[in-house]
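Here's the structure we're looking at; comments come further down.
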Amino acid sequence: MADAVGIITKIIEAALKIKRAADTVKQNEDTCKQIISRAEILCDTLSQHQDNRELMNNSAIRKALEALDETLGEALQLVIDCQEETNVVCLYFKSGDLSERLKKGGAAYIQEEHGRNVDHHGLPFK
Numbered sequence: 002m003a004d005a006v007g008i009i010t011k012i013i014e015a016a017l018k019i020k021r022a023a024d025t026v027k028q029n030e031d032t033c034k035q036i037i038s039r040a041e042i043l044c045d046t047l048s049q050h051q052d053n054r055e056l057m058n059n060s061a062i063r064k065a066l067e068a069l070d071e072t073l074g075e076a077l078q079l080v081i082d083c084q085e086e087t088n089v090v091c092l093y094f095k096s097g098d099l100s101e102r103l104k105k106g107g108a109a110y111i112q113e114e115h116g117r118n119v120d121h122h123g124l125p126f127k
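Now the structure itself:
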């Protein structure tokens, strides 16, 4: 259980970093605000379940949490990239492409990149 709880702690910390970073973005503000909202939902949901031993001992849940942690790390980097007026990432991607990458975070990203089915809270289901 410690592994899953540790991952949840990392996810919550990443979500808080995303929130702080998104509050100061210079580009794609609306999309970054949506990411804040999703991160807050994830924090609330995961906080409620981290004491559930059966859930935390489930290897599928642990793998989904690891994928979510990775996704939030990528989302954080994209939000940080939006903090700058002119950024190499923003020059490389058209702003619409960057916005789409930002929107892709969460459930859609996990499904596409990791082949896992997740509900609207980012929790796996079969």
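Residue numbers are given in the working numbering: position 87 of the sequence shown equals residue 88, and the series is strictly consecutive. Even glycine gets a Cβ: it sits at the ideal position worked out from N, Cα and C. All of these numbers come straight from a predicted model, not from anything done at the bench.
task: Kindly give me the distance between the Cβ atoms of H70 and I8, rounded to whole angstroms, as I take these residues to be in contact under 8 Å.
output: Residue mapping note: residue 70 aligns to position 69 of the sequence shown, counting from 1. Residue mapping note: residue 8 aligns to position 7 of the sequence shown, counting from 1. Note on identity: in this sequence residue 70 is Asp, with His being the wrong assignment. Right, the Cβ-Cβ distance comes to about 6 Å (below 8 Å), so this counts as a contact.
task: Would you mind sorting R39 into buried or exposed? The rule is 16 or more other CB atoms within 10 Å of its CB.
output: As a first step, residue 39 is located in the sequence shown; it is residue number 38 there, counting from the start. Per the 10 Å Cβ criterion, buried.
task: Take K34 and list the residues in its own chain whose beta-carbon comes closer than 7 Å to its own, dropping the five residues that flank it on each side.
output: As a working note, residue 34 is residue 33 in the sequence shown. Correct list, in chain order: A23.
Simplified DSSP state of C83, which is helix, strand or coil: One-based indexing of the sequence shown puts residue 83 at position 82. Here C83 sits in coil by DSSP.
message: Relative to the C-alpha of Q84, which candidate in D31, A5 and S60 has its C-alpha closest?
response: Within the sequence shown, numbered from 1, the residue matching residue 84 stands at position 83. Among D31, A5 and S60, the Cα nearest to that of Q84 belongs to D31.
Sequence-distant residues of the same chain with beta carbon closer than 7 Å to K27, five excluded per side: By 1-based counting over the sequence shown, the position of residue 27 is 26. Taking C-beta separations shorter than 7 Å and ignoring five residues to either side along the sequence, the partners of K27 in its chain run C83, Q84, E85 and E86, following chain order.
query: What residue ranges within the segment 9-33 form continuous beta strand (DSSP E) runs of no fewer than 3 residues, ordered along the chain?
result: Within the segment 9-33, no complete beta strand (DSSP E) run reaches 3 residues.
message: Please report the straight-line C-alpha distance between K18 and D4, rounded to a whole angstrom.
response: For the purposes of this step, residue 18 is taken as residue 17 along the sequence shown, with counting starting at 1. For the purposes of this step, residue 4 is taken as residue 3 along the sequence shown, with counting starting at 1. One C-alpha to the other measures close to 21 Å.
Cβ pair C44, I81 closer than 7 Å: Here residue 44 refers to the residue found at position 43 when the sequence shown is read from its first residue. Here residue 81 refers to the residue found at position 80 when the sequence shown is read from its first residue. No.
Coarse secondary structure for Q35, derived from DSSP in three states: As a first step, residue 35 must be located in the sequence shown, where it is residue number 34. DSSP places Q35 in helix when its eight states are reduced to three.
- prompt: Closest by CA to L79, which one among K20, T10 and L56?
  reply: Against the sequence shown, residue 79 aligns to sequence position 78. The residue among K20, T10 and L56 with its C-alpha nearest the C-alpha of L79 is K20.
field: Neighbourhood of V6 by C-beta distance below 7 Å, restricted to the same chain and skipping five residues each side
entry: Reading the sequence shown from its first residue, position 5 is the one you call residue 6. So the qualifying residues of the chain are Q51 and M57.
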